[in-house]
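Structure first, then comments.
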Amino acid sequence: MTAQAETETPAPEIGQARLRKEDERLITGQTNWTDNIRLPGMLHVAFLRSPYAHARITSVDVSAARSEPGVIAAYSGADFAAEQGSLPCAWPVTPDIVIPAHPPMATEEVRYVGEAVACVVARDRYAAADALNAIEVDYEPLPPVLDIRTALQEDSPKVHEAGNKSFEWPFASGDLEAAFGGAPVVLERYYRQQRLIPAAMEPRSVVCSCVGGEFTLWSATQIPHVLRVMLALVTGIPEQNIRVIAPDVGGGFGSKLQVTAEEVLALLIARKLGRPVKWTETRSEGNMTVHHGRDQWQRIRIAADRDGRIRGLDVDLLADMGAYLMLVTPGVPLLGAFMFPAIYKMDAYSFKCTGVFTTKMPTDAYRGAGRPEATFGIERIMDELATELDLDPLELRERNWIKHEEFPYTTIAGLTYDSGNYEAATAKAKELFDYDGLRKEQELRRASNDPVQLGIGISTFTEMCGLAPSRVLGSLAYGAGGWEQASIRMLPTGKVEVVTGSSAHGQGHETAWSQIVADQLGVPFEDIRVLHGDTQVSPKGMDTYGSRSLAVGGMALVSACDKVVEKAKVIAAAMIEASADDLEWSPGQFSVRGDPDKKVTIAEIALAAFAAHNLPDGVEPTIDADATYDPDNFSFPHGTHLCATEVDTETGFVKIRSYVCVDDIGTVVNPLIVEGQVHGGLAQGIAQALYEEAVYDDDGNLVTSTLADYLVPSASDLPSYVTGRTESRAANRLGVKGVGEAGTIASTPAVVNAIVDALRPFGIGDVTMPCTPERVWRAIQTAQGGDQASAAEQHAARQSDQTQGNSPQGIDGGAA
Amino acid sequence: MAEITVSVDGVKYADHVEPRMLLVHYLREIVGKTGTPIGCDTSNCGACTVLLNGESVKSCAVLAVQADGTDITTIEGMASDAGLHPLQEAFHAEHALQCGYCTPGMIIAASDLLKENPHPSDEQIREGLEGNLCRCTGYENIVRAVRRAAAAGVNA
Numbered sequence: 054m055t056a057q058a059e060t061e062t063p064a065p066e067i068g069q070a071r072l073r074k075e076d077e078r079l080i081t082g083q084t085n086w087t088d089n090i091r092l093p094g095m096l097h098v099a100f101l102r103s104p105y106a107h108a109r110i111t112s113v114d115v116s117a118a119r120s121e122p123g124v125i126a127a128y129s130g131a132d133f134a135a136e137q138g139s140l141p142c143a144w145p146v147t148p149d150i151v152i153p154a155h156p157p158m159a160t161e162e163v164r165y166v167g168e169a170v171a172c173v174v175a176r177d178r179y180a181a182a183d184a185l186n187a188i189e190v191d192y193e194p195l196p197p198v199l200d201i202r203t204a205l206q207e208d209s210p211k212v213h214e215a216g217n218k219s220f221e222w223p224f225a226s227g228d229l230e231a232a233f234g235g236a237p238v239v240l241e242r243y244y245r246q247q248r249l250i251p252a253a254m255e256p257r258s259v260v261c262s263c264v265g266g267e268f269t270l271w272s273a274t275q276i277p278h279v280l281r282v283m284l285a286l287v288t289g290i291p292e293q294n295i296r297v298i299a300p301d302v303g304g305g306f307g308s309k310l311q312v313t314a315e316e317v318l319a320l321l322i323a324r325k326l327g328r329p330v331k332w333t334e335t336r337s338e339g340n341m342t343v344h345h346g347r348d349q350w351q352r353i354r355i356a357a358d359r360d361g362r363i364r365g366l367d368v369d370l371l372a373d374m375g376a377y378l379m380l381v382t383p384g385v386p387l388l389g390a391f392m393f394p395a396i397y398k399m400d401a402y403s404f405k406c407t408g409v410f411t412t413k414m415p416t417d418a419y420r421g422a423g424r425p426e427a428t429f430g431i432e433r434i435m436d437e438l439a440t441e442l443d444l445d446p447l448e449l450r451e452r453n454w455i456k457h458e459e460f461p462y463t464t465i466a467g468l469t470y471d472s473g474n475y476e477a478a479t480a481k482a483k484e485l486f487d488y489d490g491l492r493k494e495q496e497l498r499r500a501s502n503d504p505v506q507l508g509i510g511i512s513t514f515t516e517m518c519g520l521a522p523s524r525v526l527g528s529l530a531y532g533a534g535g536w537e538q539a540s541i542r543m544l545p546t547g548k549v550e551v552v553t554g555s556s557a558h559g560q561g562h563e564t565a566w567s568q569i570v571a572d573q574l575g576v577p578f579e580d581i582r583v584l585h586g587d588t589q590v591s592p593k594g595m596d597t598y599g600s601r602s603l604a605v606g607g608m609a610l611v612s613a614c615d616k617v618v619e620k621a622k623v624i625a626a627a628m629i630e631a632s633a634d635d636l637e638w639s640p641g642q643f644s645v646r647g648d649p650d651k652k653v654t655i656a657e658i659a660l661a662a663f664a665a666h667n668l669p670d671g672v673e674p675t676i677d678a679d680a681t682y683d684p685d686n687f688s689f690p691h692g693t694h695l696c697a698t699e700v701d702t703e704t705g706f707v708k709i710r711s712y713v714c715v716d717d718i719g720t721v722v723n724p725l726i727v728e729g730q731v732h733g734g735l736a737q738g739i740a741q742a743l744y745e746e747a748v749y750d751d752d753g754n755l756v757t758s759t760l761a762d763y764l765v766p767s768a769s770d771l772p773s774y775v776t777g778r779t780e781s782r783a784a785n786r787l788g789v790k791g792v793g794e795a796g797t798i799a800s801t802p803a804v805v806n807a808i809v810d811a812l813r814p815f816g817i818g819d820v821t822m823p824c825t826p827e828r829v830w831r832a833i834q835t836a837q838g839g840d841q842a843s844a845a846e847q848h849a850a851r852q853s854d855q856t857q858g859n860s861p862q863g864i865d866g867g868a869a
Numbered sequence: 002m003a004e005i006t007v008s009v010d011g012v013k014y015a016d017h018v019e020p021r022m023l024l025v026h027y028l029r030e031i032v033g034k035t036g037t038p039i040g041c042d043t044s045n046c047g048a049c050t051v052l053l054n055g056e057s058v059k060s061c062a063v064l065a066v067q068a069d070g071t072d073i074t075t076i077e078g079m080a081s082d083a084g085l086h087p088l089q090e091a092f093h094a095e096h097a098l099q100c101g102y103c104t105p106g107m108i109i110a111a112s113d114l115l116k117e118n119p120h121p122s123d124e125q126i127r128e129g130l131e132g133n134l135c136r137c138t139g140y141e142n143i144v145r146a147v148r149r150a151a152a153a154g155v156n157a
């Protein structure tokens with residue numbers, strides 16, 4: 054740790070690679086995960102879950118379970134029917150959207166494997182799990198609905214009585230007909246965004262106590278504040294009687310941005326029994342019942358001139374909602390609606406998304422939420438267009454992107470990008486990557502028919518983040534605002550408590566927020582403590598998701614600090630007997646303009662306010678302040694990612710040889726944390742490209758229900774990353790944009806573009822994700838028109854000789 | 002119920018446990034060592050890794066009765082009076098953790114790796130830790146942290 058506090062003019066905290074305050078408890082095992090909580094008399098809940106993707110429940114008998122050893126209670130959906138309400142969807146994207154009732158515990162029909170149908174409450178988790186075997190449920194199986202491409206056909210079985218279509222959301226800007234009519238080049242492509250499982254390392258867990266009608270609910274959640282409101286709305290329990298605590302939370306990636314059946318039921322069970330209860334999922338329960346991510350079919354058309362200038366873009370999406378609409382399920386693909394045009398200028402744009410029900414786990418936000426899907430679509434088809442026009446893919450992008458001098462720029466999708474410099478990020482990335490050198494090597498390998506071909510993948514991305522502004526969210530029919538709250542509490546000893554409505558679960562807010570406040574108030578980094586994640590401590594907030602915490606929550610801190618300084622000024626003037634107008638603020642102290650020896654520090658003012666002995670008339674004895682910040686625009690991080698893959702054309706095995714990313718996320722508060730966020734984001738995006746897919750079989754059973762089947766990559770499956778940065782300030786006072794999702798959004802198309810680029814000599818124009826060795830190899834065989842059967846045998850023999858690391862074998866989700 | 006005697010982080014415990022009880026549940030719920038978390042049911046993620054007689058094991062894949070008579074070190078026993086373990090220091094210094102859920106298992110597994118190979122290459126670090134999953138860091142800084150601890154001579 055450095056000791057700037059003692060130097061005369063401390064270097065700004067913002068920009069320093071401060072080591073994290075959070076780490077001490079995390080590296081020593083002194084953590085407070087929800088599953089660690091033990092309350093006196095606490096009982097354990099286990100859920101019985103549907104083995105059918107779709108079935109009518111004809112009877113549930115829990116009576117035998119009630120007499121099992123250690124069992125206190127057993128319930129079916131009927132026991133909660135009067136009080137459980139319906140799990141909320143806060144984003145009804147169109148006026149005529151179909152939002153089916155979603156009871157936390159099913160009562161009449163189950164619509165995905167894993168849906169809860171009964172539960173046992175017992176003395177310990179083993180007894181609870183045992184007694185599930187004594188519950189009898191009779192089902193009348195109904196046909197599953199598993200493919201969104203056929204679910205809208207008239208003869209398809211129905212997930213809900215109202216049918217399989219939830220909504221259709223159109224958007225159009227510019228004259229599409231003119232853009233496509235007579236265009237010299239029109240390409241049409243279909244891309245698959247496979248279904249993903251977020252797989253935060255900490256499984257979900259919830260503990261609830263009910264004492265005298267007052268509830269305390271601990272949950273492994275990203276959204277304690279939103280959850281509190283929603284629990285009150287769903288159950289009718291008065292909001293003031295619910296306290297929600299998010300203790301240490303082990304990762305989220307969107308999966309803990311949810312109001313879950315288990316949270317609602319824990320509340321109701323605690324109320325029924327008057328005793329605290331705990332439920333912690335197993336990983337296989339989690340894979341089945343934590344909301345999934347992505348799952349789209351994309352049809353994309355692009356029209357261009359011969360010189361590569363884009364005339365128009367036409368996007369038609371089918372998005373799998375799963376069985377129900379959860380918190381923001383229908384809104385996720387719409388976050389992509391505005392991002393398909395990305396960094397490019399064009400004359401016309403049309404977007405349509407149809408939300409379709411299936412008998413699978415509902416989808417919802419997963420790292421990037423809508424923007425990775427959009428970025429993948431546009432960046433993939435840009436490479437196809439470059440191939441069609443025989444242009445270098447970077448050259449094609451440069452001909453179309455918004456030039457740095459054109460900012461602020463309003464895109465065809467109606468967003469106003471405040472800042473950016475795509476030229477600078479790309480130039481730096483090319484240099485770090487040795488773009489020209491790798492292109493030469495690629496030529497040589499192609500010329501020599503090297504069995505290992507080299508591919509270069511490009512992704513020049515931008516994203517909208519910092520979710521807010523409230524007015525815009527309102528215009529998109531989102532059910533809440535997007536502001537963020539902060540409070541500064543100046544303690545009598547000169548120390549500072551910072552209360553934030555953001556709710557970190559790995560992002561390091563305790564550290565970064567301390568840096569921001571240290572600069573604003575001129576107090577040492579070490580003297581600041583950040584409080585969050587408990588609605589009793591931090592009563593207002595919109596929580597953490599969508600890369601919003603810094604751009605919105607960080608700015609709320611700045612606003613609150615402004616107010617502290619304003620209030621302190623009045624007291625300072627009285628303390629040093631000067632006119633407030635003559636005072637000058639330099640972080641940490643007021644001094645009299647022209648008489649710098651006459652000064653008073655913020656700590657002295659805090660103490661004076663606490664004592665309140667000599668305050669001017671009418672001045673309240675505190676300099677604490679709250680602020681709620683609501684920006685007037687999103688923020689738009691961008692960057693250029695370059696990936697080189699070596700593709701073994703004999704085995705289909707893909708190796709990432711180098712990965713370079715240059716991100717422009719505006720002002721960097723803590724470069725250490727930023728780099729970590731980028732690394733982790735890249736890993737998740739690469740994992741989508743190469744490894745991960747949630748697979749259901751023909752009966753609607755989740756095949757990838759464990760981490761042995763769902764292939765979260767390990768250290769040996771991933772490359773080392775080269776990261777760089779360029780900086781164009783965002784329009785907010787801190788100049789910050791957000792970094793939580795950038796790596797994930799950019800990397801998936803960079804990797805797939807690299808794989809396809811390696812395979813161009815075979816005439817291959819796409820490989821469906823995840824690009825497993827089997828899929829890559831099959832793509833090559835198909836392109837060569839070889840004898841697939843005998844080749845497949847040879848391939849299998851080769852595979853058994855070669856360890857394929859953590860890549861899936863023999864799993865095909867039916868997505869050819 | 003079976004009677005077992007184990008030493009956990011230097012303290013001796015004698016308990017009666019169900020024969021089917023997993024070691025990780027014994028550590029967390031009977032001994033109170035909640036620093037060791039559970040990440041999966043299939044011994045894939047490694048979050049629950051502890052040292053059993055000095056060897057790293059996934060404590061969800063060991064029964065408590067199998068640990069009878071053994072000496073167990075969890076993340077809570079890694080630091081000493083002299084301060085944090087060099088791997089704990091290195092994970093902090095290299096920002097090798099974000100949410101921190103995998104960290105206990107990752108540090109324990111890394112200590113076993115460095116015992117067997119005090120100066121591993123980056124590739125050997127990646128292979129040595131492939132039984133431990135992290136969803137936050139992308140592993141880059143974990144590799145750096147293990148390299149840093151190796152350079153500091155963890156086993157010197």
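The listed protein sequences derive, respectively, from chains A and B.
According to our numbering, the stretch in the first sequence is residues 54 to 869, in order.
According to our numbering, the stretch in the second sequence is residues 2 to 157, in order.
All C-beta atoms in this analysis are idealised placements derived from N, C-alpha and C, irrespective of residue type, glycine included.
If you follow the alpha helix (DSSP H) that valine 874 (chain A) is in, where does it begin and where does it stop? Residue 874 (chain A) cannot be examined here, being either before or after the span of chain A that is shown, 54 to 869.
Using alpha carbons as the reference points, say which of A:Val113, A:Asn667, A:Gly599, A:Phe100 lies closest to glutamate 315 (chain A). Answer by Cα proximity: A:Phe100.
Could you check whether valine 146 (chain A) and tyrosine 128 (chain A) sit closer than 8 angstroms to each other, using their CB atoms as the reference points? Here tyrosine 128 (chain A) is not near valine 146 (chain A), since their CB atoms are 8 angstroms or more apart.
Check whether the stretch 646 to 663 of chain A touches the stretch 516 to 524 of chain A, taking contact to mean three or more Cβ pairs, one atom from each stretch, closer than 8 angstroms. Counting C-beta pairs with one atom in each stretch, the stretch 646 to 663 of chain A and the stretch 516 to 524 of chain A have fewer than three that are closer than 8 angstroms, which means they do not touch.
Classify histidine 3 (chain A): buried if its beta carbon has 16 or more other beta carbons within 10 angstroms, exposed otherwise. Residue 3 (chain A) is absent from the structure shown; chain A starts at 54 and stops at 869.
Chain-ordered chain B contacts of serine 769 (chain A) [CB-CB under 7 angstroms]: Scanning chain B for C-beta atoms nearer than 7 angstroms to the C-beta of serine 769 (chain A) yields Arg127, Glu128, Glu131, reported in chain order.
Give every residue of the same chain whose Cβ lies closer than 8 angstroms to the Cβ of alanine 395 (chain A), excluding the five residues on either side of it in the sequence, and list them in chain order. Around alanine 395 (chain A): Ala427, Thr428, Ile431, Glu432, Thr513, Phe514, Thr515.
What is the residue span of the beta strand (DSSP E) that valine 18 (chain B) lies within? Counting along the chain, the beta strand (DSSP E) containing valine 18 (chain B) begins and ends at 12 to 18.
Is the stretch 547 to 567 of chain A close to the stretch 603 to 621 of chain A, with three or more CB pairs under 8 angstroms? Contact holds: three or more Cβ-Cβ distances are below 8 angstroms.
Compute the Euclidean distance between the alpha carbons of alanine 868 (chain A) and phenylalanine 578 (chain A), then round it to the nearest angstrom. Only weak support is given to the placement of alanine 868 (chain A): the predicted model assigns it a pLDDT of 36, under 50, and the question is left unresolved by the model.
I want to see whether chain B comes within less than 8 angstroms of leucine 72 (chain A), judged by CB atoms only; does it? It does: the Cβ of leucine 72 (chain A) has a partner Cβ on chain B nearer than 8 angstroms.
Go ahead and pull the three-state DSSP assignment for isoleucine 73 (chain B). Reduced to three states, the DSSP call for isoleucine 73 (chain B) is strand.
For arginine 248 (chain A) versus glutamate 746 (chain A), is the C-beta distance shorter than 8 angstroms? With a cutoff of 8 angstroms on beta-carbon distance, arginine 248 (chain A) and glutamate 746 (chain A) are scored as near each other.
Smallest Cα separation from threonine 464 (chain A): which of A:Leu321, A:Ser226, A:Pro446, A:Pro251? By alpha-carbon distance to threonine 464 (chain A), the top candidate from A:Leu321, A:Ser226, A:Pro446, A:Pro251 is A:Ser226.
From leucine 195 (chain A) to alanine 204 (chain A), what distance separates their C-alpha atoms? Computed Cα separation, rounded: 15 angstroms.
Please confirm if the stretch 700 to 716 of chain A is in contact with the stretch 477 to 491 of chain A, defined as three or more CB-CB distances below 8 angstroms between the two stretches. Yes, they touch.
Near threonine 757 (chain A), which residues of its chain fall below 6 angstroms by C-beta distance, leaving aside the five closest residues on each side in sequence? Same-chain partners within the cutoff: Ala747, Val748, Tyr763.
Say whether chain B places a C-beta atom closer than 8 angstroms to the C-beta of leucine 438 (chain A). Answer no: the Cβ-Cβ gap between leucine 438 (chain A) and chain B never drops below 8 angstroms.
My parser needs the beta strand (DSSP E) runs of 3 or more residues fully inside the stretch 286 to 341 of chain A; what are they? Correct list: 295 to 298, 330 to 333.
Just to check my reading of the structure: valine 672 (chain A) and cysteine 614 (chain A) have Cβ atoms closer than 8 angstroms, yes? What is that Cβ distance to the nearest angstrom? Taking the Cβ atoms as the reference, valine 672 (chain A) lies roughly 19 angstroms from cysteine 614 (chain A), outside the contact range of under 8 angstroms.
Check the Cβ of histidine 17 (chain B) against every Cβ in chain A and list those closer than 7 angstroms, keeping chain order. Taking a Cβ-Cβ cut-off of 7 angstroms, histidine 17 (chain B) has no neighbours in chain A, whose nearest Cβ is about 14 angstroms from it.
Counting contacts by CB-CB distance shorter than 8 angstroms, is threonine 37 (chain B) in contact with chain A? At least one CB of chain A lies nearer than 8 angstroms to the CB of threonine 37 (chain B).
DSSP three-state label for tyrosine 165 (chain A), please. Tyrosine 165 (chain A): coil per DSSP, three-state reduction.
Roughly how many whole angstroms lie between the Cα atoms of isoleucine 126 (chain B) and valine 147 (chain B)? Spanning the two alpha carbons is a distance of roughly 7 angstroms.
Arginine 281 (chain A) in three-state terms, based on DSSP: Assignment of arginine 281 (chain A) by DSSP, reduced to helix, strand and coil, places it in the helix class.
Let's see if you can read the secondary structure: which residues bound the alpha helix (DSSP H) around serine 58 (chain B)? The sequence as given places valine at residue 58 (chain B); serine does not occur at that position. For valine 58 (chain B), there is no enclosing alpha helix (DSSP H); the enclosing beta strand (DSSP E) has its first and last residue at 56 to 59.
May I ask you to report which of helix, strand or coil DSSP gives leucine 378 (chain A)? Note: leucine 378 (chain A) maps to coil in three-state DSSP.
Proximity below 8 angstroms, CB of aspartate 76 (chain A) to CB of histidine 93 (chain B): Yes.
Are isoleucine 110 (chain A) and valine 190 (chain A) closer than 8 angstroms when you measure CB to CB? In this structure, valine 190 (chain A) lies closer than 8 angstroms to isoleucine 110 (chain A) by Cβ.
Quick check: the Cα distance between glycine 753 (chain A) and methionine 374 (chain A), rounded to an integer number of angstroms? About 15 angstroms.
Answer yes or no: does any C-beta atom of chain A fall closer than 8 angstroms to that of glutamate 1 (chain B)? As displayed, chain B neither begins before 2 nor continues past 157, which places residue 1 (chain B) out of reach and without an answer.
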